[in-house]
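K.L.:
A single structure is presented below for examination.
Protein chains: 2
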Amino acid sequence: MEPSELVQYLYEKIPLSRFMQISALELSEHCVRLGAPLTPNMNHRATVFGGSASSLAILAAWSLLHVRLHISSPGVSIVIQQHSMDYERPMNGEFAARASLAVPDQWPRFLQALARFGKARIAVNSTLEFAGELAGRFSGEFVAIDGR
Amino acid sequence: MEPSELVQYLYEKIPLSRFMQISALELSEHCVRLGAPLTPNMNHRATVFGGSASSLAILAAWSLLHVRLHISSPGVSIVIQQHSMDYERPMNGEFAARASLAVPDQWPRFLQALARFGKARIAVNSTLEFAGELAGRFSGEFVAIDGR
């Protein structure tokens, strides 16, 4: 999947992602990195609103699973179940979220469970980045549901 | 503070809240309840996007502290430090977030710490509501900073 294809999909399906002006900076099966500018995502302190930060982290994590499942399991839908988020530094400019699997070795077992039960759970982490430094940490649990 | 005053403040300071079309349904020192329609907050399954759900929960929790500190401590700024979020049911229509202090008895100690150190921490919970039922749970930790 091309970065532009992912962004187009998100803009179309999740209007908030369009308002946030997200972009896809990196896209592979190991890592998805999404970026967003400050202006639409600002809070009362002229730094990034916590809701925008967690939305970008969720979108990056969700997109990683979407990219990985896109070819092997096109009918599968991915839904968030739980997440936690630590805000470590205020971000007063363009920011990014980099998502990767919490435990890459669990992927085969995840696919097996999905094939067997039509439903499986997996953990994805995202780190928030601002000005080349770590600004926050996100841990999410997602459920994949085979709708075919 | 009037509900319309809070909404106007949020719309002005946090553009995402305007895009989400949030409204203030209830506003007191015990509870802040914010609502939002589905359309701007939709995901790929035509239910509420997790980022919108957590943003509404954050805004409700933040607003509760803002309302409580508005009169006693007008120069104080409130920042989120950490949160966790459980998504318990999909929401496919108008939804709400109701915030209250995690431990109301801690408020006096919070104000004392704020007066003494110019900085204090407090926990706020929000519940997500859809069609009259509980749809999710948010727990957040906020820091109040006296900028005067």
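If you read the protein sequences in the order shown, they are chains A and B.
Residue numbers for the first sequence follow the numbering used here, beginning at 229 and rising by one.
Residue numbers for the second sequence follow the numbering used here, beginning at 229 and rising by one.
A virtual CB, placed ideally from N, CA and C, is assigned to each residue, including glycine.
With residue 256 of chain B as the anchor, note down where its beta strand (DSSP E) starts and where it stops.
P.N.:
Where residue 256 of chain B is concerned, there is no enclosing beta strand (DSSP E), given that its DSSP letter is neither H nor E.
K.L.:
Which of the three DSSP states, helix, strand or coil, is assigned to residue 338 of chain A?
P.N.:
helix
K.L.:
Determine the chain A residues that contact residue 298 of chain B at a beta-carbon separation under 9 Å, and present them in chain order.
P.N.:
Near residue 298 of chain B there are no residues of chain A at all, since even the closest Cβ is about 13 Å away, more than 9 Å.
K.L.:
Taking only beta carbons into account, state which residues of the stretch 257–278 of chain B come closer than 7 Å to chain A, listed in chain order.
P.N.:
Among the residues of the stretch 257–278 of chain B, those with a Cβ less than 7 Å away from any Cβ of chain A are 268, 269, 270, 271, 272, 273, 277, 278, in the order of the chain.
K.L.:
With distances taken Cα to Cα, identify the nearest neighbour of residue 263 of chain A among A:367, A:331, A:324.
P.N.:
A:324
K.L.:
If we call anything under 9 Å between Cβ atoms a contact, is residue 243 of chain B one with residue 358 of chain A?
P.N.:
no
K.L.:
Below 8 Å on C-beta distance, what does residue 347 of chain B contact in chain A?
P.N.:
Going along chain A, no residue has its Cβ under 8 Å from residue 347 of chain B, so there is no contact; the nearest lies around 14 Å.
K.L.:
What is the rounded straight-line gap between the Cα of residue 311 of chain A and the Cα of residue 368 of chain A?
P.N.:
4 Å
K.L.:
What is the rounded straight-line gap between the Cα of residue 329 of chain A and the Cα of residue 301 of chain B?
P.N.:
Going by the C-alpha atoms only, they are around 43 Å apart.
K.L.:
Going along chain B in order, which residues have a C-beta closer than 9 Å to the C-beta of residue 247 of chain A?
P.N.:
243, 244, 247, 248, 268
K.L.:
How should residue 294 of chain B be labelled, buried or exposed, when 16 other C-beta atoms within 10 angstroms of its C-beta is the threshold for buried?
P.N.:
buried
K.L.:
Since residue 288 of chain A contacts residue 317 of chain A with CB under 8 Å, what's their CB separation in whole angstroms?
P.N.:
Contact flag wrong, Cβ pair sits at about 18 Å.
K.L.:
Rounded to whole angstroms, what is the Cα-Cα separation between residue 234 of chain A and residue 276 of chain A?
P.N.:
23 Å
K.L.:
At the level of alpha carbons, what is the spacing between residue 255 of chain B and residue 280 of chain A?
P.N.:
24 Å
K.L.:
I'd like to know whether the C-beta of residue 237 of chain A is nearer than 9 Å to at least one C-beta of chain B.
P.N.:
Output row for residue 237 of chain A: interface = yes.
K.L.:
Can you name, in chain order, every residue of its own chain whose Cβ lies under 6 Å from the Cβ of residue 341 of chain A, other than the five neighbours on each side?
P.N.:
348
K.L.:
Against residue 287 of chain A, what residues of chain B qualify as contacts under a CB-to-CB distance less than 8 Å, listed in chain order?
P.N.:
279
K.L.:
Does the Cβ-Cβ distance between residue 282 of chain A and residue 313 of chain B come in under 9 Å?
P.N.:
Taking the C-beta atoms as reference points, residue 313 of chain B is found nearer than 9 Å to residue 282 of chain A.
K.L.:
Going by the CB atoms, is the gap between residue 372 of chain B and residue 297 of chain B shorter than 9 Å?
P.N.:
yes
K.L.:
For residue 240 of chain B and residue 272 of chain A, what's the separation of their Cα atoms in angstroms?
P.N.:
One C-alpha to the other measures close to 8 Å.
K.L.:
Which two residues bound the contiguous beta strand (DSSP E) that contains residue 298 of chain A?
P.N.:
Element bounds for residue 298 of chain A: not the beta strand (DSSP E) but the alpha helix (DSSP H), 278–300.
K.L.:
List, in chain order, every chain E residue whose beta-carbon is nearer than 7 Å to that of residue 282 of chain B.
P.N.:
This model lacks chain E altogether; the protein chains it does include are A and B.
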